[in-house]
């Protein structure tokens with residue numbers, strides 16, 4: 030007999046009865062609020078075209094780097110899970126067979142957020158009531174596959190069902206944004222917005238950087254062989270993105286380094302990086318300078334600046350070669366913010382009309398660097414627990430280590446940062462539950478009052494994110 | 030209707046009934062112990078002159094960098110809170126208006142220690158029973174202002190009322206200590222003592238360093254143009270401070286670096302820093318050498334050596350320029366102790382009659398560096414959770430991360446490190462409650478007995494601090 | 030009247046009744062499982078020769094660096110505890126007197142794991158029922174001393190009584206392993222196995238390195254003056270160790286650095302380190318290269334590779350000079366894994382048939398580096414909380430900070446890493462209780478089911494360690 034699949038009403042709440050009671054009360058008042066998803070990686074074509082999603086394996090396993098990495102870590106080749114290989118060697122094309130392999134190994138996810146997100150999807154989206162295992166693999170595959178073929182499971186229907194108010198996707202500056210144009214035409218322009226993610230034209234170490242600049246020139250009619258033209262082209266694209274709903278830019282540099290170059294220095298450095306002759310140090314300086322330029326442009330166009338540093342991308346070279354990037358091989362690095370951000374904060378950090386949101390993969394900076402910075406600089410706000418730390422324990426550490434110095438009001442609510450559309454409500458639900466649990470402890474320990482806690486819970490869930498990301 | 034202001038009897042205790050019961054019992058037995066405040070920044074003139082404190086805004090907002098930084102981080106200009114600007118631009122001089130602005134934004138402090146400290150001051154010192162908000166701002170201002178004009182709220186009366194046994198202030202070596210002289214004459218010499226804080230004559234990067242040395246020479250009659258005279262002058266001032274009650278020195282260097290130079294090297298380096306020609310590296314070496322010299326002098330005069338490294342002072346240059354230092358713009362930095370302290374510990378760390386107390390702003394060193402060092406070197410003791418970490422969660426992390434390796438008896442009790450005199454009992458109360466809560470968990474988990482917990486609670490509250498700081 | 034010595038049945042379990050109930054249930058089902066001790070420092074001669082252990086002081090105080098360091102940190106000279114001095118100055122030889130000094134100061138251990146381990150030994154091994162203190166010191170000494178003289182307290186009898194299934198000792202490659210040979214002859218070959226710990230012939234900075242290589246040559250008949258002979262000699266010794274039960278090698282380098290040299294580079298570097306002429310940087314590179322070589326050999330002989338970096342050995346030079354190494358003067362250091370391990374992981378980390386187990390003294394890497402690496406690379410597994418962190422709070426942090434990214438199945442169960450044989454059951458019991466408490470919280474918060482928790486508890490206690498360390 031298969032084990033039951035249950036989503037307990039009190040899941041993630043503290044088990045202490047006093048705290049649990051308060052957490053329940055807080056959660057009851059905010060669980061129904063709409064989802065605001067200001068930062069993520071869903072595909073805008075889903076919402077523009079509204080075509081059905083693919084089969085269960087290609088929807089839930091192949092694109093999920095959390096799932097792939099755990100299974101791979103236990104010796105399961107990614108090709109046997111249906112992930113294609115770049116070297117042309119075969120991969121599993123029987124998606125049911127790949128799903129079974131996943132199901133047999135589902136026990137590996139015990140204690141991980143993937144397990145909670147997926148169980149939510151199985152239970153809430155697809156109505157499954159037995160736990161996933163080898164025994165139930167086929168039932169799961171059939172149930173999910175059948176549902177996905179119905180209209181009720183098309184992207185726009187799920188969007189409505191999930192009570193999403195607005196979702197931001199993330200696009201490259203070279204993207205002509207056809208799907209967002211279509212969405213605007215369809216009256217969905219306020220519901221799905223883009224985000225300006227210019228790494229590929231700011232980071233000289235990205236493969237194809239020179240060609241990217243050429244394409245940027247063609248797209249904008251600017252002479253991107255010159256620094257002036259390059260800057261003009263970026264301004265041009267920011268305006269284009271803004272016209273397609275963008276309220277923010279996003280920057281995934283390796284570090285948080287910022288640099289304040291003179292015009293002359295910037296021009297000279299641009300010429301070196303343009304020609305591909307820049308050293309690693311020059312590339313770092315260029316990225317730091319361009320982050321500063323992005324901040325400068327934000328003063329004018331009002332885009333919120335998001336910084337996500339600290340990932341060693343594709344740490345596993347053989348995996349990169351075999352399967353490509355974003356297969357679970359990125360690893361966090363120790364990250365400095367105090368010296369790295371000082372040039373930018375010294376120049377723009379005292380402007381309360383400018384907003385820079387900082388994320389980290391290095392939790393040791395929460396209490397030591399980020400909360401102190403956010404609790405002082407008017408422009409700087411703390412993004413939520415991110416990526417590897419977007420989990421119950423990670424969220425708990427985030428609140429415990431930032432609140433006493435930065436308070437609640439220098440944080441910006443939750444974002445899911447995901448491509449896994451079906452799990453978005455589950456992810457927001459985890460954040461809501463963990464915030465309510467944290468607030469419940471403060472109330473139970475008589476550190477804040479219950480009325481305050483209600484107000485804060487609503488602000489963390491809904492008001493702060495709308496306000497900070499400037500959703501109209 | 031305004032919300033009530035309540036200080037719950039069980040605040041900060043764990044909500045688990047077993048732990049709470051034990052915490053209550055432990056706290057009941059130590060809550061009445063006198064306050065010993067071995068490290069802080071109250072103004073000795075308050076206790077010497079016993080003049081009334083100023084208005085509420087100038088007492089509770091303008092000098093409190095925790096309060097200023099939080100409000101500033103939310104876009105509130107410091108001048109609108111009554112803080113003067115250095116550039117001569119206007120600041121709010123209507124203190125009631127500044128107070129109202131503070132009151133309107135008091136919700137920002139939810140979850141921070143400032144909120145707990147201030148609520149305690151409002152409730153316990155001034156008898157207020159409604160929460161601070163826009164609605165109650167004037168009542169607060171009037172109540173506090175009126176009280177401060179009465180004799181019962183003068184510094185010495187509050188000192189008695191707060192049950193303070195001894196408090197240490199912190200002075201510069203160039204300070205002639207007139208207030209401490211007066212206090213001695215008044216019979217208050219054992220109650221208010223000074224601390225020797227020579228950063229301004231040890232750190233070559235302090236503005237005015239050369240003039241400071243000149244003044245040090247004039248004050249001591251030593252030739253501070255020579256290294257020998259400089260050392261003699263410092264010894265002279267240490268003796269002078271000791272005669273005014275000092276039992277400790279305090280050192281706020283950027284890092285914990287110590288260096289063991291030969292006499293010749295020290296003389297040569299002194300000449301370079303004296304002339305203002307030292308590089309950043311030489312300045313660091315000089316500070317490291319002088320910390321070693323301070324330790325050497327401690328072997329002779331018995332002053333306890335306190336090290337507080339790891340602050341990036343005045344990170345926000347525009348704020349420094351507009352408002353001056355100590356306005357909330359200092360930011361913690363990653364800090365090394367293992368290699369930095371090795372020269373000093375190798376030379377003096379095995380002397381059990383010498384005491385060096387180490388503080389940190391970098392919590393990642395608690396379990397990794399400081400507890401292992403304190404659990405081995407006879408001279409080294411752990412200062413309590415400091416500054417940004419002087420908060421319920423910060424104190425909890427301190428005990429959780431240090432106790433298993435350093436035990437309780439290599440820690441030194443609490444210190445408030447504050448200039449906010451009225452909040453001193455609140456700060457000690459938070460520490461007492463958090464220690465009792467931590468001990469309660471150990472008892473509830475059968476890791477120590479209740480009798481032991483009682484003894485430890487008293488030691489952490491009273492005995493360790495008196496013994497370590499050598500209060501007679 | 031002396032205080033009672035009690036080991037509460039629920040010790041270390043959360044005090045929340047819901048969690049405690051679940052923890053009890055889980056613990057009841059795994060408490061009786063045999064002890065598998067895959068990594069430690071007991072002396073194989075104990076089990077081979079089965080001679081009685083010495084007096085209480087020489088058994089429980091003198092060899093225990095946790096005990097020595099705490100007492101020393103409080104100003105108690107190690108010689109007064111019976112530890113010999115290297116400089117020939119006298120040490121206490123009246124072991125009862127040394128024991129009394131320990132007993133008087135036993136209160137210092139409150140809140141430390143040493144206290145829990147020792148109390149368990151006193152209560153469970155020796156049947157003592159009053160707490161250790163000055164008053165009971167002599168009773169303790171007499172009781173323990175008398176017991177140790179009986180056959181029931183000889184090593185093999187305790188081994189059986191402790192329900193140890195297999196224990197791994199740790200030996201130098203130059204060790205001829207006579208005790209393991211004897212154990213094999215006695216039919217104990219599967220119960221006591223060796224581990225290959227080649228630091229003394231891999232680390233050029235070890236005193237006597239050149240002589241060690243000479244002895245390695247003599248022992249193996251290989252020409253260790255040449256790189257080829259040196260490698261052959263190491264392969265020879267690994268085979269010898271494997272024949273004496275070894276399933277793993279162990280490496281205590283200062284850092285986790287690995288390096289991928291060409292044959293030519295390796296040969297040249299070997300010549301420099303062989304001659305003693307290598308710089309610190311070259312020594313580091315050589316160690317990094319040899320770790321890579323060890324991994325290469327593991328591909329062939331199947332030994333599990335264990336890496337234990339991050340200790341600053343003998344930080345306290347005067348203590349090293351007076352008492353020798355391993356007297357509590359080792360201090361953890363900040364440790365990088367992401368860049369350090371990349372060469373090795375890039376070459377061998379994708380081989381699921383190879384196992385590298387990584388330990389750390391720097392807890393800040395749990396969530397940031399080690400869990401992400403272990404949750405991706407098939408070869409890499411996480412060793413348990415180690416050394417300073419082998420304690421209730423340390424174990425709790427380990428699970429809280431690794432589980433969400435690495436899951437449970439990329440960890441390898443507990444190891445005691447100790448020479449303190451009598452405390453081994455206590456140490457495993459602490460790990461079992463803490464794991465059950467952690468699982469109980471996950472169940473109580475409805476994050477995993479109770480059936481899963483039972484399965485995981487058994488895997489963490491027994492199955493994972495046997496499988497990972499390849500015990501037949």
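Protein chains in written order, with our numbering: chain A, 30 to 501; chain B, 30 to 501; chain C, 30 to 501.
A virtual CB, placed ideally from N, CA and C, is assigned to each residue, including glycine.
Predicted model, so just to flag it, every value in this text is computed and none were measured.
Indicate whether at least one CB of chain B lies closer than 8 Å to the CB of residue 379/A. yes
I'd like the list of long-range same chain contacts for residue 345/B, defined as Cβ closer than 8 Å, with 5 residues on each side in sequence excluded. So the list reads 358, once near-sequence residues are dropped.
Here's a check: name, in chain order, each residue in its chain whose Cβ is nearer than 7 Å to the Cβ of residue 252/B, leaving out the five neighbours to either side. 246, 258
With DSSP as the reference, please indicate the residues paired to residue 410/A in a beta bridge. 386/A
CA-to-CA distance, residue 394/C to residue 370/C, given in whole angstroms: 13 Å
If you draw a straight line from the C-alpha of residue 305/C to the C-alpha of residue 291/C, how long is it? 21 Å
Alpha carbon of residue 142/C to alpha carbon of residue 303/A, nearest angstrom: Cα to Cα, the separation comes out at about 59 Å.
Please determine, among 490/C, 211/C, 482/C, the residue with the shortest C-alpha to C-alpha distance to residue 54/C. 482/C
Where residue 298/A and residue 307/A are concerned, what is the direct C-alpha to C-alpha distance, given to the nearest angstrom? 8 Å
Could you tell me whether any Cβ in chain A is nearer than 8 Å to the Cβ of residue 452/B? no
Bridge partners of residue 340/B, per DSSP? Bridge partners of residue 340/B: 361/B.
Quick one: is residue 371/A near chain B, going by C-beta distance under 8 Å? yes
Say whether the segment 375-389 of chain A touches the segment 415-431 of chain C, bearing in mind that this needs 3 or more beta-carbon pairs closer than 8 Å, one atom from each stretch. no
Rounded to whole angstroms, what's the CA-CA distance from residue 315/B to residue 413/C? Just pull it up for me. Rounded to whole angstroms, residue 315/B to residue 413/C spans 42 Å at the Cα level.
Counting pairs of beta carbons, one from the segment 230-239 of chain C and one from the segment 175-184 of chain C, are three or more of them closer than 8 Å? no
According to DSSP, simplified to helix, strand and coil, what is residue 452/C? helix
Beta-carbon contacts of residue 409/A that lie in its chain and below 7 Å, excluding the five residues immediately before and after: 374, 378, 385, 387, 402, 403
Proximity below 8 Å, CB of residue 110/A to CB of residue 352/A: Not a contact, by the Cβ cut-off of 8 Å.
I'd like to know whether the C-beta of residue 477/A is nearer than 8 Å to at least one C-beta of chain B. yes
So that I know if they touch, is there some Cβ in chain C lying closer than 8 Å to that of residue 422/A? yes
Using a beta-carbon distance below 8 Å, is residue 333/B in contact with chain C? no
Cβ pair residue 64/A, residue 487/A closer than 8 Å: Pairing residue 64/A with residue 487/A gives a Cβ-Cβ distance that is not under 8 Å.
Count the C-beta pairs between the segment 225-233 of chain C and the segment 92-102 of chain C that are closer than 8 Å, then say yes if the count reaches three, no if not. no
The beta strand (DSSP E) enclosing residue 193/B, as first and last residue numbers: 193-197
Would you mind telling me which residues of chain A sit closer than 8 Å to residue 87/B, beta carbon to beta carbon, in chain order? The premise fails here: residue 87/B is roughly 22 Å from chain A at the closest Cβ pair, so nothing lies under 8 Å.
Helix, strand or coil for residue 167/C, going by three-state DSSP, please let me know. Helix, per DSSP.
For residue 487/B, which of helix, strand or coil comes out of DSSP? The DSSP-derived three-state label of residue 487/B is helix.
Does the distance from the CB of residue 140/B to the CB of residue 433/A come in under 8 Å? Residue 140/B is a Cβ neighbour of residue 433/A, given a cutoff of 8 Å.
Where in the segment 232-293 of chain A do unbroken runs of the beta strand (DSSP E), each at least 3 residues long, occur, reported from the N-terminal end onward? 277-280
Can you find a C-beta in chain B that's less than 8 Å from the C-beta of residue 47/A? yes
How big is the Cα-Cα spacing for residue 347/C and residue 406/B? 11 Å
Residue 431/C - DSSP class collapsed to helix/strand/coil: Reduced to three states, the DSSP call for residue 431/C is helix.
Comparing C-alpha positions only, which one of 146/A, 144/A, 87/A, 104/A sits nearest to residue 121/A? 87/A
Below 7 Å on C-beta distance, what does residue 471/A contact in chain B? Ordered by position in chain B, the residues that pass the 7 Å Cβ test against residue 471/A are 140.
Please confirm if residue 57/A has its CB atom under 8 Å from at least one CB of chain C. no
At a cut of 8 Å, does the segment 462-477 of chain C reach the segment 148-164 of chain C through at least three beta carbon pairs? no
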